[in-house]
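Have a look at the structure below before the remarks.
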Amino acid sequence: MPEPAVDVVLVGFGWTGAILAEALTAAGLSVLAFERGGWRTAPNDYALPFDQDELRYMWRHHLFQNVAHTTVTFRNSPDQQALPMRRLGSFLPGAGVGGGGVHWNGQVWRFLPSDFVARSHNLERYGAGVLNATEMTIQDYPVTYEELEPYYDRFDYLCGVSGKAGNLKGAIQAGGNPFEGPRSRDYPNPPLQMTYGPSLFGKAAADLGYHPFPHPAANMSRPYTNPLGVQLAQCTYCGFCEKFGCGNDSKSSPQTTILPVLMPRPNFTLRTYCEVMKVELTRDGKHATGVSYVDENGVLGFQPANIVILSAFMLENVRQLLISGIGTPYDPRTGTGTVGKNYSYQIVSSVNVFYDDKITNPFIGAGALGMIIDDFNGDNFDHTGLGFIGGGYLGALNTGARPIETHPVPDKTPKWGAGFKRAIADNYVKTVPIVTHGAVMSHRTNYLDLDPTWRDTLGRPLMRMTFDFTDNEHKMSDYLTDKAAQIGRAMGGREVKENKRSGHYDIAPYQTTHTTGGAIIGADPKTSAINRYLQSWDVPNVFVAGANAFPQNAGYNPMGTVAALTYHCAEAIIRDYVKSPGPLVQA
Amino acid sequence: MGGRVPAVGLCVALACFLAACVAASYRAVPPPVPQGAANPGGGAIGLPAASDDDITADLAAWGPPADAAAPPDAALQFSDDPVARGKYLVDAGDCEACHTAAGGRPFAGARGIRTPFGIIYSANITPDVKTGIGRWTEVDFYRAMHKGIAHGGKNLYPAFPYTYFTRLSRPDVDATYAYLRSLPPIYQVKPANKLPFPLNVRPLMAIWNALFFRPGEFRPNPAMSAEWNRGAYLVWGPGHCGGCHTPKNLLLADRNGHALQGAKLNDWVALDLTGDPRRGLASWSNGDIVEFLRSGRNARATASGSMQEVVYYSTSRMSDSDLGAIATYLKQLPPRRHVRSFATPDQTAMLAGQAIYVDTCSACHGENGEGEPRYFPPLAGDASVQAHDPTTIVRIILAGSRSVPTPAKPSAPAMPPFAWKLDDAEVASVANYVRNAWGNSAPLVSSALVTKLRRRYGEAAER
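Heads up: the protein sequence lines correspond to chains A and B, in order. For what it's worth, our numbering labels the leading residue of the first sequence as 310, then goes sequentially. For what it's worth, our numbering labels the leading residue of the second sequence as 1468, then goes sequentially.
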């Protein structure tokens, strides 16, 4: 028996899926979401007596995508043979209801106004040479910071972000980030209580003339009820956010901000353990009729829908486009085609400050607890003569020093044995790590396509990732690391250890899950896959929500911008598309 | 009066027989299936399973019922349309809770109501001709509500609380009938009750009625305010609060001398609703009571056990004026006079309990039992924590509990089970600490009680 058609089918039910489902069902549309993983709640899946189990969640990947079912293949450059990633490392996509929104840190950032015009801004300020025109393929967004501000604000209040505004309607606020774009109002909650290590960083940075401020955090500094009436509890600073679910309901996730009001709505349906095979198109390939999927019992089904929205992790969104034949695959030799283009990432490094006389208790933490400076992010500083563009934030973050993961030791410490153990014991509570979180520009040979060899358990080609850092990234990251070390030295420790990011990109060690691009937003269908409303240029009843939209990456965690673009998309569907289905932007 | 003597004699005989049956009837009911793995390194840890007699589990759905946007139902209270008013009364009477089986269609009945004597299945009250009340006239319906006698003349069991519904006015009963007749008819056969002889002989209920039941509509007390009278009508009529909150005698009739002073039913302790300072509502304001009934929680307490169902299907849909009337009525109930004295734990036991509490409970409930009001229940000063009978607190420690979602408070935070983590002595120890710390005071919990409840609600702690 054929399934009844719905207005909207969502492929993936993490943050973007939940945001869209809530907004679209509130507008009266019928929405059905497919999720490849299962239903997850704090009391059943990451309850307080065992949610701080580092072995289970971090090392055994309890909340992450199972690479035995599907993974990516990887190579650094187009002339290499790509091989499957058989253990997650560099990035950690989620699986299950809530997606990565369950195991994220809760770092909620807005991109700088200049990040949205990265190409034209840098061209204007530094001239054509800086873009190394043939190799760097950065583009402007077709939306501005000002246009997205109301949607950033909506996500801040949905999540109850704890922070301190630095720019309220153009007026710079002491104690906040003076470089940020204007906010229409302050954060809904005050900053988290600052711990000792980040406070030392903040003081040293201020003494050097920089502008430290508390990291904006979707970890609750106090009990919060969001505009949907959903409640969050106060954070206990247990230090188990990233890679863990929050057993205390004090980290924002779809479960703690949206699902209690969404799930009972009669016009919403969630189907778990259903993997969407592909978007089905009409014979001319210009209209989606719905999606085919495999359910928990392995039975193939077809779900008709008026609108299909890809709302999975960005790598899966791009793969769905390629498998379904939506848009033209990107060709790195000619630079033509759009799907798979401008895959990007971030470049991170760190500095450790070791003390003899200060006990920093780094285990007292929260996902986004820390002091940050934004003086070297984006184009907040003059790049003239530096030989790179872009930047990143740097700061001391106390995300929680989990015992298996955290073994900070000074230089020249033995790699194993009694000396290694003694160094950990001596230094564990006497260390402040400073991280740098740098942007990665997009380049001609960094891209995604379907692997010609390797397939997943359902017989579909794996996503092939071709990526490496370029000189721009290394120069930029080294510059940030030097700045971090400068502040580290001003923090008065015994020793400062720099951990620069050198050499080729390595997919094995964890860096960040901020993979971006591949189905980018733009004003021109020749150079972008989706328009300003995340609508496919090629199949107008398909929308693609996720970090795949970023034309290049910025020096911030992506979720705030992903959410803002998603709300912007939902509003356009409700306001315009429903009344007049078709392209929302004329090419 | 003379005619009652043989009835009393028969009842004494019945009582002896039934007392012997109590243990057997417990065995007749399969215990709730313990859920989830006891092993936190392996699978998920589950909340208690949905079973016919476990009310909380039915509410495992996320969020409030989709059709229960507050408070449009409340507006129906004063409607001219009897169907609309009937809908409000059906909500006020919590009819849907018992007359809907787990996973079944609303009002189609067939839900097993566990009593100490056996299981009684609720009736289909949709207008289906074959299996529902399709053939019932308005007069039939009034007789059932007023006298406990069904269409066709057979006696109903007082698991259907006609002992309370008899107080409803004729227009209210007629409106209720009009609403139920407006529902879509559903064919749903009621399973046979599981009652031992002689309780399965319905005519014997006439004797029970003669002993314990006085039919009669509610008569207002002219000495009291209109609001108090409305509250009394709701509490003693449709609300049938005493059904859980009044202790029962050996034949399950209300002990009226202890009305609303709290009682245990199906291993949940219904709270003392009188002005008892520690275990009752003395410290609650009228606003606290209204907020609790409206949203399932307030700054002092969170509904647990069977009360969640009452909030979900009934009080969250009632008007503010009616909830205020209930509060006005309850707030004037005097506390019981004689409070038993009891032993409290010594210093060493308190320190042991505190150690478990700090490790296991304090992240949510706070180091000083302050909780996070309206989210994680405060334990300091809580009436349920200090109930004389510790069944509720021990059961929740073993099996966990999820708050009831309501339109006013859609988030439903849950406490996970601890049966897998704490052994019987540890559960007793932490329960004793919580019941006697921060100014709380309550009788000691024995490890033996934990052992008994663990057999029903938890798994053996793995060591």
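All residues carry an ideal CB built from backbone N, CA and C; glycine is no exception.
Could you have a look at residue i and say whether DSSP puts it in helix, strand or coil?
i, result
"M680(A)", "strand"
"P638(A)", "strand"
"R628(A)", "helix"
"D465(A)", "helix"
"G1576(B)", "strand"
"T598(A)", "strand"
"P523(A)", "strand"
"Y505(A)", "helix"
"P422(A)", "helix"
"Y450(A)", "coil"
"G869(A)", "helix"
"L1481(B)", "At L1481(B), the pLDDT of 49 sits below 50, so the modelled position is not reliable; the number obtained from the coordinates is stated separately. Helix."
"P1924(B)", "According to the sequence shown, residue 1924(B) is Tyr rather than Pro. In this structure, Y1924(B) counts as helix in the three-state DSSP scheme."
Cβ of residue i within 9 Å of Cβ of residue j?
i, j, result
"A1720(B)", "T1630(B)", "yes"
"V318(A)", "I616(A)", "yes"
"T1613(B)", "R1602(B)", "According to the sequence shown, residue 1613(B) is His rather than Thr. Their beta carbons are not under 9 Å apart, which means H1613(B) does not touch R1602(B) by this criterion."
"V662(A)", "T740(A)", "yes"
"Q1544(B)", "S1786(B)", "yes"
"G699(A)", "M785(A)", "yes"
"F553(A)", "L372(A)", "yes"
"L1732(B)", "L1740(B)", "no"
"L619(A)", "V853(A)", "yes"
"A1886(B)", "S1870(B)", "no"
"Q416(A)", "H524(A)", "yes"
"V738(A)", "I668(A)", "yes"
"P671(A)", "T504(A)", "yes"
"L1635(B)", "G1742(B)", "no"
"I328(A)", "F464(A)", "yes"
"V539(A)", "V320(A)", "no"
"V1702(B)", "I1793(B)", "yes"
"G674(A)", "T643(A)", "no"
For residue i, which beta-bridge partners are listed by DSSP?
i, result
"F383(A)", "L392(A) and M774(A)"
"M1882(B)", "S1868(B)"
"G1585(B)", "T1582(B)"
"E1839(B)", "F1843(B)"
"W1961(B)", "Outside the displayed span of chain B (1468 to 1930) sits residue 1961(B), for which this structure offers no information."
"F373(A)", "G403(A)"
"T825(A)", "S653(A)"
"I616(A)", "V317(A)"
"A534(A)", "Before going further, note that residue 534(A) is Thr rather than Ala in the sequence given. For T534(A), which the question treats as bridged, DSSP gives the partners Q540(A)."
"L341(A)", "V318(A) and T578(A)"
"F852(A)", "I618(A) and Q844(A)"
"K552(A)", "Per DSSP, none; premise fails for K552(A)."
"S704(A)", "Reading off the sequence, residue 704(A) comes out as Gly, not Ser. Paired residues: I681(A) and V744(A)."
"T1567(B)", "G1576(B)"
"E804(A)", "F663(A)"
"I481(A)", "N476(A)"
When you measure from the CB of residue i to every non-hydrogen atom of the ligand ZN, does any distance come out below 8 Å?
i, result
"E1758(B)", "The ligand ZN is not part of this structure, which contains no ligands at all."
query: Listed from N- to C-terminal order along the chain, which residues in the region 553-568 of chain A have their beta-carbon within a distance smaller than 7 Å of any beta-carbon of chain B?
result: N557, D558 and L568
task: Evaluate the contact criterion for the region 1620-1637 of chain B versus the region 1665-1674 of chain B: three or more CB pairs, one atom per stretch, below 8 Å.
output: yes
task: Evaluate contact between the region 791-801 of chain A and the region 747-757 of chain A, counting only Cβ atoms and requiring at least three cross-stretch pairs below 8 Å.
output: no
- request: Closer than 8 Å, Cβ to Cβ, to anything on chain A: give me those residues from the region 1876-1899 of chain B, in chain order.
  value: K1876, P1877, S1878, A1879, P1880, A1881, M1882, P1883, F1885 and K1888
task: Determine contact between the region 757-777 of chain A and the region 835-853 of chain A, defined as no fewer than three beta-carbon pairs at a distance below 8 Å.
output: no
- request: Could you please tell me which residues of the region 1637-1655 of chain B, in chain order, have their CB closer than 9 Å to any CB of chain A?
  value: none
message: What are the residues in the region 503-529 of chain A lying within 7 Å of chain B by C-beta distance?
response: none
field: Segment contact flag, the region 1557-1575 of chain B with the region 1698-1717 of chain B, C-beta cutoff 8 Å, min 3 pairs
entry: yes
task: Closer than 8 Å, Cβ to Cβ, to anything on chain B: give me those residues from the region 754-766 of chain A, in chain order.
output: none
field: Contact set between the region 1818-1841 of chain B and chain A, restricted to residues whose Cβ is under 7 Å from the partner
entry: T1827, A1830, C1831 and E1839
field: Validate contact between the region 723-738 of chain A and the region 624-642 of chain A using beta carbons, cut 8 Å, 3 pairs
entry: no
task: Evaluate the contact criterion for the region 775-783 of chain A versus the region 499-515 of chain A: three or more CB pairs, one atom per stretch, below 8 Å.
output: no
message: When you compare the region 1887-1898 of chain B with the region 1857-1874 of chain B, are there three or more beta-carbon pairs, one atom per stretch, that lie closer than 8 Å?
response: yes
Chain-ordered residues of the region 1859-1872 of chain B with a beta carbon less than 8 Å from chain A: G1867, R1869 and P1872
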